[in-house]
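Peer 1: My questions will all concern the structure given below.
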C-alpha cells in the first residue's frame with residue numbers, strides 16, 4: 003500500500019472514528035490499527051508517524067468522542083424548566099449513543115485515570131460539571147450532587163447499553179420506557195431536594 007496524501011493525526015483519527023462508527027456498540031472494544039490502516043488505504047506502520055500506537059489512537063478517538071458528548075449535553079440544556087432540561091439531556095445522550103454507538107462506548111472507558119490523557123479527562127470533567135449544574139438546578143444539595151450525577155449516569159447508561167445490545171426485545175415502545183425511567187430519575191432527584 004502506498005501512503006495516502008494528506009494523512010496526518012486528524013485524518014487518522016477520522017478514519018478511526020469511521021471504523022468505530024461502522025462497527026456498532028462493540029467497535030470500540032475491537033478497534034485496531036489494522037482496521038484503521040485498511041480504512042485509510044495504508045500499511046499499519048504508516049500510522050505510527052501520526053499516532054502513538056493503539057493507545058494513542060484510542061486516546062484521540064476518546065477525546066473526539068467525549069468532546070462530541072460535551073457538545074450534545076451543552077446543546078440540550080436550553081429549556082427554562084430544570085426538570086425538562088434533565089429530560090432533554092437524557093434524551094440527547096440516548097439519541098447520540100444510538101447514532102454513534104462506538105463513540106458512546108469510547109467515553110465509557112476509564113480515561114479519567116490515564117495519566118497521558120489529561121485532555122480527555124478535562125473534557126470529561128466538563129460533562130460532569132454540566133450534569134452537576136443540572137441536578138443543582140433541581141435543588142439537589144451540594145453534598146449529594148456527585149451521588150445524583152452518578153445515579154443519572156448509571157440509569158441512562160444502563161438503559162442505553164441494554165438497548166444497544168438488543169436487550170429490549172418485547173414489542174412495547176422502548177421510547178415510552180426510557181421516558182418512564184427519566185421521569186423516575188427526575189422525581190427521585192426532586193425528592194432529594196425536598
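Numbering (my numbering), first residue to last: 3 to 196.
In this text, a Cβ means the ideal position worked out from N, Cα and C, and glycines have one as well.
1. Pull up the distance between the alpha-carbon of residue 183 and that of residue 89, whole angstroms please.
2. Let's see if you can read the secondary structure: which residues bound the alpha helix (DSSP H) around residue 183?
3. In the DSSP assignment, the alpha helix (DSSP H) including residue 103 goes from what residue to what residue?
4. Judging by CA-CA distance, which residue of 156, 133, 48 and 148 is the nearest neighbour of residue 76?
5. I need the boundaries of the alpha helix (DSSP H) containing residue 17, first residue and last residue.
6. Helix, strand or coil: which one does DSSP assign to residue 33?
7. CB-CB under 7 angstroms to residue 191, same chain, minus the five flanking residues each way: which ones, in chain order?
8. Identify the continuous alpha helix (DSSP H) that holds residue 73 and give its terminal residues.
9. Mind reading off the beta-carbon distance from residue 68 to residue 14? Whole number of angstroms is fine, and I expect it under 8 angstroms.
10. Could you check what DSSP says for residue 4 in three-state terms: helix, strand or coil?
11. Going by DSSP in three states, residue 82 sits in which element: helix, strand or coil?
Peer 2: Walking through what the data contain:
1. Approximately 10 angstroms, taken between the alpha carbons.
2. Per DSSP, residue 183 belongs to the alpha helix (DSSP H) from 176-195.
3. That run of the alpha helix (DSSP H) goes 103-108.
4. It is 133.
5. Under the DSSP assignment, residue 17 falls in the alpha helix (DSSP H) whose first and last residues are 11-24.
6. For residue 33, the secondary structure class from DSSP, reduced to helix, strand or coil, is coil.
7. Answer for residue 191: 137, 140, 142 and 150, listed in chain order.
8. In this chain, the alpha helix (DSSP H) harbouring residue 73 covers 55-77.
9. The beta-carbon separation of residue 68 and residue 14, rounded to 18 angstroms, does not stay under the 8 angstroms limit for a contact.
10. Annotation note: pLDDT 44 at residue 4 (below 50); position unreliable, coordinate value reported separately. Coil, per DSSP.
11. In the structure shown, residue 82 falls within a coil segment according to DSSP collapsed to helix, strand and coil.
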